[in-house]
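Q: No gaps in the numbering here: position 300 of the sequence shown is 303 in the working numbering, and each next residue is one more.
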Amino acid sequence: MSETTTQSPIKTVVVLVQENRSFDHVLGWMKSLNPKIDGVTGNESNPLSTSDPNSTRIHFGNQSGYIEPDPGHSFEATYEQIHGVQWKESQNLPPTMEGFAQQAESIQKGMANIVMNGFKPESVPVYKELVSEFAVCDRWFSSIPTLTQPNRLFIHSATSYGATANDTKMLVEGYPQKTIFESIEENGFSFGIYYQFPPSTLFYRNMRKLKYIDNFHQFDLHFKRHCEEGKLPNYVVIEQRYFETKLFQGNDDHPPHDVSQGQKFIKQVYEALRSSPQWNEILFLIIYDEHGGFYDHVPIPVDGVPSPDDIIGPEPYKFKFDRLGIRVPTILISPWIESGTVLNRPSGPYPTSEFEHSSIPATLKKIFNLKEFLTKRDAWAGTFETVLNRTSPRTDCPVNYRFENTNNCPCLAKSAPVGSFFCLDPSLSNNAALKSMGSFKGWRSNTIKCLAFSH
4 MSETTTQSPI KTVVVLVQEN RSFDHVLGWM KSLNPKIDGV TGNESNPLST SDPNSTRIHF
64 GNQSGYIEPD PGHSFEATYE QIHGVQWKES QNLPPTMEGF AQQAESIQKG MANIVMNGFK
124 PESVPVYKEL VSEFAVCDRW FSSIPTLTQP NRLFIHSATS YGATANDTKM LVEGYPQKTI
184 FESIEENGFS FGIYYQFPPS TLFYRNMRKL KYIDNFHQFD LHFKRHCEEG KLPNYVVIEQ
244 RYFETKLFQG NDDHPPHDVS QGQKFIKQVY EALRSSPQWN EILFLIIYDE HGGFYDHVPI
304 PVDGVPSPDD IIGPEPYKFK FDRLGIRVPT ILISPWIESG TVLNRPSGPY PTSEFEHSSI
364 PATLKKIFNL KEFLTKRDAW AGTFETVLNR TSPRTDCPVN YRFENTNNCP CLAKSAPVGS
424 FFCLDPSLSN NAALKSMGSF KGWRSNTIKC LAFSH
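1. Can you find the residues in the same chain that come closer than 6 Å, C-beta to C-beta, to Ser186, ignoring five residues on each side of it along the sequence?
2. Enumerate in chain order the residues of its own chain whose CB-to-CB distance from Ala107 is below 6 Å, with the five nearest sequence positions on each side excluded.
3. For Ile61 and Asn49, I'd like the C-alpha separation in whole angstroms.
4. Measure the C-alpha to C-alpha separation of Ala166 and Pro153 and round it to an integer number of angstroms.
5. For Gly177, is the classification buried or exposed, using 16 other Cβ atoms within 10 angstroms of its Cβ as the cut-off for buried?
6. With Phe137 and Ser337 assumed to form a contact (beta carbons below 8 Å), what rounded beta-carbon distance in angstroms separates them?
7. Does DSSP put Gln10 in a helix, a strand or coil?
8. Exposed or buried, which one is Asp255 when buried takes at least 16 other CB atoms within 10 Å?
9. Please classify Gln221: is it buried, with 16 or more other beta-carbons within 10 angstroms of its beta-carbon, or exposed?
10. Tell me the residue span of the alpha helix (DSSP H) that contains Thr81.
11. If you drop the 5 nearest sequence neighbours on each side, which residues of the same chain put their C-beta closer than 6 Å to that of His197?
12. Suppose only complete runs of 4+ residues qualify. What are the alpha helix (DSSP H) ranges in the region 49 to 135, listed by chain order?
13. Does Asn434 pass the burial test, meaning 16 or more other C-beta atoms within 10 Å, or should it be called exposed?
14. When DSSP labels each residue in this structure, what does Gly307 get in the three-state scheme?
15. On the DSSP bridge list, what partners appear for Gly195?
16. Is it the case that the region 36 to 53 contacts the region 287 to 294, given that we only count it when at least three CB pairs across the two stretches are under 8 Å?
17. Specify the secondary structure class of His220 as computed by DSSP and reduced to three states.
18. Smallest Cα separation from Gly295: which of Val18, Phe26 and Ser356?
19. Secondary structure at Thr344, three-state DSSP: helix, strand or coil?
20. When burial is assigned at 16 or more other CB atoms within 10 Å of the CB, is Thr81 buried or exposed?
21. Count the other CB atoms within 10 Å of the CB of Gln180; is the residue buried (16 or more) or exposed (fewer)?
22. Can you tell me whether DSSP reads Leu1 as helix, strand or coil?
23. Taking 8 Å as the cut-off, does the region 261 to 278 touch the region 301 to 318 (at least 3 CB pairs, one atom from each stretch)?
24. Please state the DSSP three-state secondary structure of Phe157.
25. Name the DSSP bridge partner or partners of Arg330?
26. Between Trp143 and Arg330, is the Cβ-Cβ spacing less than 8 Å?
27. As a quick exercise: from Tyr245, Arg155 and Gly191, pick the residue whose alpha carbon is nearest that of Phe206.
28. Classify Ile183 as helix, strand or coil using the three-state DSSP reduction.
29. Taking only the alpha-carbon atoms, compute the straight-line gap between Phe200 and Val239 and give it to the nearest angstrom.
30. Between Gly121, Lys112, Ile147 and Glu22, which lies nearest to Gly64 when the distance is taken from Cα to Cα?
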């Protein structure tokens with residue numbers, strides 16, 4: 004760790020980014036535990052056809068299974084989900100959030116019921132405990148209304164360098180923009196990337212430099228040991244298994260990966276951090292990169308959102324980067340956080356500022372007193388150090404989470420079989436979209452694809 008001192012009690016920020024789930028889908032029903040959370044009640048709905056005033060409406064439910072098919076979440080699909088109509092050039096429409104069911108059903112019959120469902124709190128028991136014990140942010144948006152890689156680029160550089168899709172050529176070449184990793188190093192602090200799979204942070208060209216080779220650590224070999232020895236750097240990024248092999252299941256929550264595997268992994272990371280002598284100096288952030296096509300009821304922010312670098316996106320959309328993406332699950336964990344905290348809108352730095360992925364470099368700049376912002380977007384984004392709402396660290400934070408009844412999440416049971424399909428609700432057993440997943444086992448056994456071509 005760097006010897007540089009800061010005024011914040013936090014000396015280590017840990018970030019884990021899961022995949023492709025909206026806030027309402029994962030955490031919306033946590034409102035039943037804490038009414039301060041802007042979640043769901045079951046009254047939320049979407050029409051199967053936005054052009055038909057008499058259309059059947061699908062109400063939001065709590066019957067999500069751990070293994071679901073992958074909904075549409077491209078730029079065009081997300082546009083329809085947000086605005087209720089298909090993309091057309093020169094449209095400037097309000098975000099009604101009415102198009103999720105329509106867009107999903109256009110892909111496959113039965114998919115609307117998949118995207119219009121979320122998890123009961125007891126079905127994601129690790130999140131249930133963390134939300135109750137620490138903090139949830141119920142107004143954190145993805146940085147751009149599209150799929151994975153552009154949003155992941157924002158997390159560490161506050162820009163996607165104009166990308167609105169997974170551009171294979173650029174991902175292979177590497178994106179050239181400056182990252183928060185370089186800012187941290189320039190200011191005398193340290194960082195480490197703990198990976199289970201080839202890390203997506205290598206999509207930044209500068210991170211491929213030989214001088215950074217010692218900043219990359221294999222998670223299973225080094226993370227727990229570094230926690231125990233108090234050797235975690237100032238900024239820690241955890242990169243999980245983004246794909247499945249014959250031996251290991253994906254644990255990133257990207258459909259159709261088993262969400263119970265994600266719960267198991269989050270539990271593993273939390274307990275390693277909690278046992279560390281550095282615990283009283285840690286802020287642990289869990290977010291998702293984008294919504295993955297799943298419903299969320301909160302309209303996306305469209306006013307006052309600055310383009311990071313004035314780069315216009317490619318044809319045909321020519322996106323101006325002037326609006327955010329759909330809300331995603333966000334949990335903040337630290338002994339400096341009161342239990343049951345709900346973080347909503349930021350207090351600044353601008354009247355229109357919001358929490359989004361650029362809030363990570365913005366907050367790191369504030370905590371570690373870094374010299375410069377990366378782009379106009381992290382200069383605008385809200386910072387979340389205000390979640391540290393105690394004057395002294397708690398001493399009652401759980402050390403280990405033990406679940407007496409693992410029927411809701413069998414992966415947390417010691418006898419849980421690897422590769423099982425867990426917790427598919429009986430009411431969805433005849434769903435056409437789920438039945439179409441017969442090819443899932445074959446998909447799992449395929450040769451691992453390069454990250455550049457997926458998600």
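Idealized CB from N, CA, C, for every residue including glycine.
A: Let me spell this out:
1. Within the sequence shown, numbered from 1, the residue matching residue 186 stands at position 183. Once the five neighbours on either side are set aside, the close Cβ partners of Ser186 are Leu373.
2. Stepping through the sequence shown from its first residue, residue 107 is reached at position 104. Same-chain partners within the cutoff: Pro74, Met114, Ala115 and Val118.
3. For the purposes of this step, residue 61 is taken as the residue at position 58 of the sequence shown. For the purposes of this step, residue 49 is taken as the residue at position 46 of the sequence shown. So the alpha carbons of these two residues sit roughly 5 Å apart.
4. Residue numbering aside, residue 166 sits at position 163 when the sequence shown is read from its first letter. Residue numbering aside, residue 153 sits at position 150 when the sequence shown is read from its first letter. One C-alpha to the other measures close to 6 Å.
5. In the sequence shown, residue 177 corresponds to position 174, counting from 1. Burial call: exposed.
6. By 1-based counting over the sequence shown, the position of residue 137 is 134. By 1-based counting over the sequence shown, the position of residue 337 is 334. Contact between Phe137 and Ser337 holds, since their C-beta atoms are separated by about 7 Å, short of 8 Å.
7. The residue labelled residue 10 in the question sits at position 7 within the sequence shown. Looking at Gln10 - three-state DSSP - the assignment turns out to be coil, as it is neither helix nor strand.
8. For this step, residue 255 is matched to residue 252 along the sequence shown. By the neighbour-count rule (16 or more Cβ atoms within 10 Å), Asp255 is buried.
9. Translated into positions along the sequence shown, residue 221 becomes position 218. In the assembly as shown, Gln221 is an exposed residue. Its beta-carbon has fewer than 16 other beta-carbons within 10 Å.
10. Your numbering for residue 81 matches position 78 in the sequence shown. It spans Phe78 to His86 - the alpha helix (DSSP H) in which Thr81 sits, taken as one unbroken run.
11. Looking up residue 197 in the sequence shown gives position 194. Checking the sequence shown, residue 197 turns out to be Tyr, not His. Around Tyr197, the same chain offers His220, Phe222, Phe226 and Ile241 as residues with beta carbons nearer than 6 Å, after the five sequence neighbours per side are excluded.
12. Complete alpha helix (DSSP H) runs here, min 4: 78 to 86, 103 to 110 and 114 to 118.
13. Your numbering for residue 434 matches position 431 in the sequence shown. Residue confidence for Asn434 is low, a pLDDT of 48 falling below 50, so the modelled location carries little weight; the figure read from the coordinates is stated next. Buried, by the Cβ-count rule.
14. By one-based count along the sequence shown, residue 307 stands at place 304. Gly307: coil per DSSP, three-state reduction.
15. Here residue 195 refers to the residue found at position 192 of the sequence shown. Beta-bridge pairing links Gly195 to Val239.
16. Not touching, per the Cβ criterion.
17. Your numbering for residue 220 matches position 217 in the sequence shown. Note: His220 maps to strand in three-state DSSP.
18. Within the sequence shown, numbered from 1, the residue matching residue 295 stands at position 292. Here the closest residue by C-alpha is Phe26.
19. Taking the first residue of the sequence shown as position 1, residue 344 is located at position 341. Strand, per DSSP.
20. By 1-based counting over the sequence shown, the position of residue 81 is 78. Around the beta-carbon of Thr81, 16 or more other beta-carbon atoms lie within 10 Å, marking it buried.
21. For the purposes of this step, residue 180 is identified with residue 177 of the sequence shown, where counting begins at 1. Buried, since its Cβ has 16 or more Cβ neighbours within 10 Å.
22. Absent from the structure is residue 1, since the part of the chain shown begins at 4 and ends at 458.
23. No, the region 301 to 318 does not touch the region 261 to 278.
24. If you number the sequence shown from 1, residue 157 lands on position 154. The three-state secondary structure of Phe157, taken from DSSP, is helix.
25. In the sequence shown, counting from the first residue as 1, residue 330 sits at position 327. Phe144.
26. Walking along the sequence shown from the start, residue 143 turns up at place 140. Walking along the sequence shown from the start, residue 330 turns up at place 327. Result yes, Cβ atoms of Trp143 and Arg330 sit closer than 8 Å.
27. Your numbering for residue 206 matches position 203 in the sequence shown. Nearest C-alpha to Phe206: Arg155.
28. Taking the first residue of the sequence shown as position 1, residue 183 is located at position 180. Secondary structure of Ile183 (DSSP, three-state): helix.
29. Sequence index remark: in the sequence shown, residue 200 carries index 197 (1-based). Sequence index remark: in the sequence shown, residue 239 carries index 236 (1-based). Looking at the two C-alpha atoms, the distance is approximately 16 Å.
30. Here residue 64 is taken as the residue at index 61 of the sequence shown, counted from 1. Answer by Cα proximity: Gly121.
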